[in-house]
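Visitor: For the sequence shown, position 237 matches number 672 in this note's numbering, and the numbering has no gaps at all.
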Amino acid sequence: MIDRVGAAPRATVLADPSPESDRQVVVQVEATALNAIDVHVAEGHHRAGPPKVPYVPGFEVVGTIVTGPDQGLRVHANVPAGLVPGVDGGLAELVLADRAACIPVPDGLSSVAAAAIGAVGVGADLSLRKAGLRAGESVLVLGATGPFGAAALRLARLAGAERVIAAGRNPERLAQVPDADALLVLGEEPLPERLASLGGPVDLVVDPVWGPWVMQAMGCLRLGGRYVNVGAAGGEGEFRADALRAAQLTLIGFSGTTAKPEEVFASYTRIAALAAAASFTLPTTTYSLPEAPHAWQAQASSPGRKIVITP
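#1: Across which residues does DSSP place D723 in a beta bridge pair?
#2: To test your reading of the DSSP string, which unbroken beta strand (DSSP E) runs of 3 or more residues are found completely within the region 579-649?
#3: Note down, in chain order, each residue of its chain lying with its Cβ closer than 7 Å to the Cβ of R439, except the 5 sequence neighbours on either side.
#4: Here's the rule: buried if 16 or more other CB atoms are within 10 angstroms of the residue's CB, otherwise exposed. What is Q683?
#5: By DSSP, does R740 sit in helix, in strand, or in coil?
#6: How many Å lie between R598 and V576 at the Cα?
#7: Which residues in the same chain have their Cβ closer than 7 Å to the Cβ of C655, if we skip the five residues on either side of it in sequence?
#8: Considering only the beta carbon of each residue, do S562 and F689 sit closer than 8 Å?
#9: So A442 is in the beta strand (DSSP E); what residue range does that whole segment cover?
#10: Taking just the CA atoms, how far does A548 sit from P718?
#11: In three-state DSSP terms, what is R534?
#12: Would A468 pass as a contact of G558 if the rule is Cβ separation under 8 Å?
#13: Please classify S736 as buried or exposed, where buried requires at least 16 other C-beta atoms within 10 Å of its C-beta.
#14: Let me check understanding here. Comparing Cα to Cα, which of I600, N470, A701 lies closest to D616?
#15: Using only CA atoms, which one of G556, S456, T499 lies nearest to S714?
#16: Excluding the five sequence neighbours on either side, which residues of its own chain have a C-beta within less than 6 Å of the C-beta of E478, listed in chain order?
#17: For G556, does the three-state DSSP call read helix, strand or coil?
#18: So what's A708 in DSSP terms, helix, strand or just coil?
#19: Who pairs with P539 in a beta bridge, going by DSSP?
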């Protein structure tokens, strides 16, 4: 539970949740994935404002329905913990969820893997689709050393991208990134000139970083290229509109929190099928529920891996 804004979760004992309508189910938690939004909300930095404390964090849960419709079904569920007053999340043994927010998990996929691939996999999938990635195109992925970047690289490759380039701020982590034809270290500018030796400009930039690298990355696009932004992990940065006009670029914004429920359902189903077939995996570190404070600290430090907590 988080009992004050900005604090890490602490262990406590709560009453078991129970459905308040036939649209709700109780899920016995088998795995909860931590995401940047969990920390963002707890610190009071979300655009919705500070959370109403106390609450149990954990947006992304995998487990089995034990009360309500479809008992025995293993599902992935999104729970708006901290964003909606009175709603608790998945850092618990049991969690109350809307049945409509529960997506069946394939039998061949472990609960840890099913949790790890969810938010970042769906976000990468939907952002690439919104950007209109086509087979044979070239893609530059910023933040490639993090889970979202790794997911975007893999899905771009599976979508038939001819050239996939990974960019990141940590050279050691970047050297271990799979699915990339070439690597670019952010901070070793200018990126466009360095890209010239790696096949030239790209059709699409996928950017969860923004910050001081936005104009450099925009300069890596060919005439008429597309730039999809999904976050600002690197902070705000200088942006000049003349760069859009001069190269006739398309700037696209994407947020998973505003994706339509049917889009999320279809996307997670696709991603889970790929994961069950061993075509899509993400580096993952697992913690037990009593280790949740350590897991929280690891998530806050940008670990470069998915953090998953199991009861």
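Each residue gets a CB set at the ideal place from its N, CA and C atoms; glycine is no exception. Every value quoted in this text rests on a predicted model; they were computed, and no experiment measured them.
Guide: Here's the rundown:
#1: Start at 1 with the first residue of the sequence shown, and residue 723 comes out as number 288. In the sequence as presented, Asp is not what sits at residue 723; that position holds Ser. Beta-bridge pairing links S723 to T745.
#2: 598-603, 617-620, 637-642
#3: Within the sequence shown, numbered from 1, the residue matching residue 439 stands at position 4. Excluding sequence neighbours, R439 sits near V488.
#4: Numbered from its first residue, the sequence shown carries residue 683 at position 248. Flag for Q683 reads exposed.
#5: For the purposes of this step, residue 740 is taken as residue 305 along the sequence shown, with counting starting at 1. Residue state, collapsed to three classes: coil.
#6: Taking the first residue of the sequence shown as 1, we reach residue 598 at position 163. Taking the first residue of the sequence shown as 1, we reach residue 576 at position 141. The alpha-carbon atoms of R598 and V576 are separated by roughly 11 Å.
#7: Locating residue 655 in the sequence shown gives position 220, where the first residue counts as 1. For C655, where only same-chain residues beyond five positions count, the Cβ hits under 7 Å are L575, L626, P627, L630, P636, V637, V640.
#8: Taking the sequence shown and counting its residues from 1, the one referred to as residue 562 is at position 127. Taking the sequence shown and counting its residues from 1, the one referred to as residue 689 is at position 254. A contact, by the Cβ cut-off of 8 Å.
#9: Stepping through the sequence shown from its first residue, residue 442 is reached at position 7. That residue, A442, is in no beta strand (DSSP E); it is neither H nor E in DSSP.
#10: Locating residue 718 in the sequence shown gives position 283, where the first residue counts as 1. Locating residue 548 in the sequence shown gives position 113, where the first residue counts as 1. Each residue's alpha carbon lies about 10 Å from the other.
#11: Within the sequence shown, numbered from 1, the residue matching residue 534 stands at position 99. In the structure shown, R534 sits in a helix (DSSP, three-state: H, G or I).
#12: For this step, residue 468 is matched to residue 33 along the sequence shown. For this step, residue 558 is matched to residue 123 along the sequence shown. No, these two residues do not count as a Cβ contact at 8 Å.
#13: In the sequence shown, the residue the question calls residue 736 occupies position 301. Classification of S736: exposed, given that the 10 Å Cβ count is below 16.
#14: Here residue 616 corresponds to residue number 181 of the sequence shown, with the count starting at 1. With distances taken between Cα atoms, D616 lies closest to I600.
#15: The sequence position of residue 714 within the sequence shown is 279, counting from 1. Per the Cα distances, G556.
#16: On the sequence shown, position 43 is the one that residue 478 refers to. Closer than 6 Å at Cβ, skipping near neighbours: G441.
#17: Numbered from its first residue, the sequence shown carries residue 556 at position 121. Helix.
#18: Numbered from its first residue, the sequence shown carries residue 708 at position 273. In the structure shown, A708 sits in a helix (DSSP, three-state: H, G or I).
#19: Residue 539 sits at position 104 when you count from the first residue of the sequence shown. Partner(s): V510.
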